[in-house]
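For the sequence shown, position 400 matches number 1346 in this note's numbering, and the numbering has no gaps at all.
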Amino acid sequence: MDNETVSFYSRRILTEQGMVEGVLQVADGKFAGLIENPNPAQIAAARDFADQRIFAGIIDLHSHGYRSWSAKTIDKAEIQGLSKILPSIGVTATLATTSGWKAHEMEMLSAIAEALDEGVTGARILGIHMEGPFFNPDKHNATPREEVILPSVEKCEAYWQAARGKIKYMTLAPEMPGAVETIHWLREHGIVAGAGHTLADDEQMRQAVRNGIQVSIHTGNAMRQIDRRDIGALGAALLDPEVVCEIICDFYHLAPRMLEIMFRVKHNFDKFIMISDSDTLSGVEPGTYFAYGKRVHVHSDGRILLDDGTISGSSKYVLYGMENLIEKLGLAPQRVSRMASLNPARLLGIEAQKGSIAPGKDADFFIINDRYEVQETWVEGRQVYTSADPILTNEHFSQFCQKLD
Ligand SMILES: [Zn+2]
947 MDNETVSFYS
957 RRILTEQGMV
967 EGVLQVADGK
977 FAGLIENPNP
987 AQIAAARDFA
997 DQRIFAGIID
1007 LHSHGYRSWS
1017 AKTIDKAEIQ
1027 GLSKILPSIG
1037 VTATLATTSG
1047 WKAHEMEMLS
1057 AIAEALDEGV
1067 TGARILGIHM
1077 EGPFFNPDKH
1087 NATPREEVIL
1097 PSVEKCEAYW
1107 QAARGKIKYM
1117 TLAPEMPGAV
1127 ETIHWLREHG
1137 IVAGAGHTLA
1147 DDEQMRQAVR
1157 NGIQVSIHTG
1167 NAMRQIDRRD
1177 IGALGAALLD
1187 PEVVCEIICD
1197 FYHLAPRMLE
1207 IMFRVKHNFD
1217 KFIMISDSDT
1227 LSGVEPGTYF
1237 AYGKRVHVHS
1247 DGRILLDDGT
1257 ISGSSKYVLY
1267 GMENLIEKLG
1277 LAPQRVSRMA
1287 SLNPARLLGI
1297 EAQKGSIAPG
1307 KDADFFIIND
1317 RYEVQETWVE
1327 GRQVYTSADP
1337 ILTNEHFSQF
1347 CQKLD
């Protein structure tokens, strides 16, 4: 199909300018054109999606896994599985997001790098997001405390080697000894530097931004909160006009009215990126599981909790958050789509190729019905998912994860 043009008609195609009626043309993996207000003959020549909406593909920069698949693996096949499951929720590109795994960290980075070199067939995996291990030990949250180590350039160099230069993003606590040199090293290597799992106060966060921190990781979660005498990393991230804020919009990690505060204070929708922070147990049937040696409770409202109540990521996904923001907070769809697609592309410096429906860009998009159920997903002009496809489950899932009730 490489040389032929495939056309899609919808009364609701979401472009950067807003919703338009049109025929979207795809050829050679790219958006070839968008005919607005098409005539009946042009509509008849296209696949007709009527009122179903066509959105730019979601770029989720913080996904540890989804629906039985995990990025925390030494098995290349698992990375391929992750790539194939993500289009079912509208994701067309992601970063394989790791978290501390001292015993196998180098092997894990190599396995991901190899999988990427061999090529995956679903969502594009643009590289690796290392969440940790350079956390503040007092904000380790779901990562075991003994996995946390001090920031170190030497360690980064070893990670870089193992990952064949595919690390694109790193989360660290900028107040820890060694962080300044590490942040400089990250930026010199073109890696996005994010502050997270941090107890940085206002002044430390401002200093961290001057040192090269660009992003606030799952803003409001696993960081110092706003206090009347010290607005903490959270306040500093919201007030600084340059800092990009990752936000989890499942309405549990951030209350809807907290999101309203964030949008008003920052006053710039270009400085938010929606993330899932999803993991292996996201999207699975709610209940109690025994996973990775721990009891884990998956709730239908977005929470995944350890026995002691610690949050361990979201059970939801970015598209669920988009529905929340559009339908419940009343945000304009093009604003929401920007936060889910264009802004993450911009942060990685790939906005000329990805992030919106525009002629010349990669044809990454998905089609949803009124219930926000994905009907089809296309990556670089290839159909990678339809709602008729069976859901692909990891056959090894039951070895490390059992449902208890
Ligand atoms: Zn985290």
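Note that the Cβ used here is the ideal one computed from N, Cα and C, for glycine as well.
Nearest-angstrom beta carbon gap, residue j and residue i [assumed within contact, 8 Å]
{"i": "T1043", "j": "H1010", "result": "5 Å"}
{"i": "P1123", "j": "Q1150", "result": "Rounded, the Cβ-Cβ distance is 12 Å, inconsistent with contact."}
{"i": "T1019", "j": "M1054", "result": "7 Å"}
{"i": "L1028", "j": "V1138", "result": "Incorrect: roughly 20 Å between the Cβ atoms, too far for contact."}
Unbroken alpha helix (DSSP H) run spanning residue i, endpoints
{"i": "I1129", "result": "1125-1134"}
{"i": "W1047", "result": "Taken as a continuous stretch (DSSP letters only), W1047 belongs to no alpha helix (DSSP H), as it is neither H nor E."}
{"i": "S1283", "result": "1279-1283"}
{"i": "E1149", "result": "1148-1157"}
{"i": "Y1266", "result": "1264-1269"}
{"i": "V1066", "result": "Per DSSP, V1066 belongs to no alpha helix (DSSP H) and is neither H nor E."}
{"i": "A906", "result": "Any property of residue 906 remains undetermined from this structure, which presents the chain solely from 947 to 1351."}
{"i": "E1206", "result": "1202-1212"}
{"i": "A987", "result": "986-990"}
{"i": "A1291", "result": "1289-1294"}
Given residue i as reference, the closest of the options once Cα atoms are compared
{"i": "C1102", "options": "D1084, V1126, T1089, P1090", "result": "V1126"}
{"i": "L1096", "options": "A1146, V1037, G1078", "result": "G1078"}
{"i": "V1242", "options": "D1351, A990, G1046", "result": "D1351"}
{"i": "I1314", "options": "S1034, A1023, E950", "result": "S1034"}
{"i": "E1341", "options": "F1218, M1220, S1016, F1236", "result": "S1016"}
{"i": "K1048", "options": "A1104, T961, L960", "result": "A1104"}
{"i": "Q1348", "options": "F1236, D1316, V1330, Y1318", "result": "F1236"}
{"i": "I1207", "options": "I1272, G1046, G1181", "result": "G1181"}
{"i": "A1108", "options": "T1117, F1080, Q1321, S1056", "result": "S1056"}
{"i": "A1088", "options": "I1250, V1161, V1155, Y1012", "result": "I1250"}
{"i": "T961", "options": "E950, E1092, E1273, G1301", "result": "G1301"}
{"i": "A1168", "options": "R1152, D1223, G1136, Q1153", "result": "D1223"}
{"i": "Y1012", "options": "T1226, G964, V1094", "result": "T1226"}
{"i": "I1129", "options": "G1229, I1113, L1062, A1154", "result": "A1154"}
{"i": "E1060", "options": "R1110, L1041, E1051, V1094", "result": "R1110"}
{"i": "D1247", "options": "G1259, Y1238, I1337, L1205", "result": "G1259"}
{"i": "A990", "options": "S956, K976, R1070", "result": "S956"}
{"i": "L1288", "options": "I1172, E1092, I1219, I1025", "result": "I1219"}
{"i": "R1284", "options": "S953, R958, F954, Q963", "result": "Q963"}
{"i": "I1337", "options": "L1032, R958, A996", "result": "L1032"}
{"i": "I1000", "options": "P1187, V972, E1297, E1100", "result": "V972"}
{"i": "E1092", "options": "R1070, G1046, L1062", "result": "G1046"}
{"i": "G1276", "options": "A1298, S1014, R1203, G975", "result": "R1203"}
{"i": "A987", "options": "D974, D1084, S953", "result": "S953"}
Distance CB(residue i)-CB(residue j) smaller than 7 Å
{"i": "G1267", "j": "C1195", "result": "yes"}
{"i": "F1312", "j": "G1036", "result": "yes"}
{"i": "H1075", "j": "I1221", "result": "no"}
{"i": "G1178", "j": "I1163", "result": "no"}
{"i": "E950", "j": "V966", "result": "no"}
{"i": "V1211", "j": "L1184", "result": "yes"}
{"i": "N1082", "j": "L1132", "result": "no"}
{"i": "K1022", "j": "G1073", "result": "no"}
{"i": "R1281", "j": "F1215", "result": "yes"}
{"i": "G1166", "j": "L1200", "result": "yes"}
{"i": "V1325", "j": "D1310", "result": "yes"}
{"i": "A1286", "j": "I1004", "result": "yes"}
{"i": "V969", "j": "A992", "result": "yes"}
{"i": "G979", "j": "P1232", "result": "no"}
Residue i, enclosing beta strand (DSSP E) - first and last residue
{"i": "L1251", "result": "1249-1252"}
{"i": "Q1107", "result": "Element bounds for Q1107: not the beta strand (DSSP E) but the alpha helix (DSSP H), 1099-1108."}
{"i": "E1322", "result": "1320-1325"}
{"i": "S1246", "result": "Per DSSP, S1246 belongs to no beta strand (DSSP E) and is neither H nor E."}
{"i": "E1024", "result": "Here E1024 belongs to no beta strand (DSSP E); instead the alpha helix (DSSP H) covers 1022-1031."}
{"i": "S1258", "result": "1257-1260"}
{"i": "S956", "result": "952-961"}
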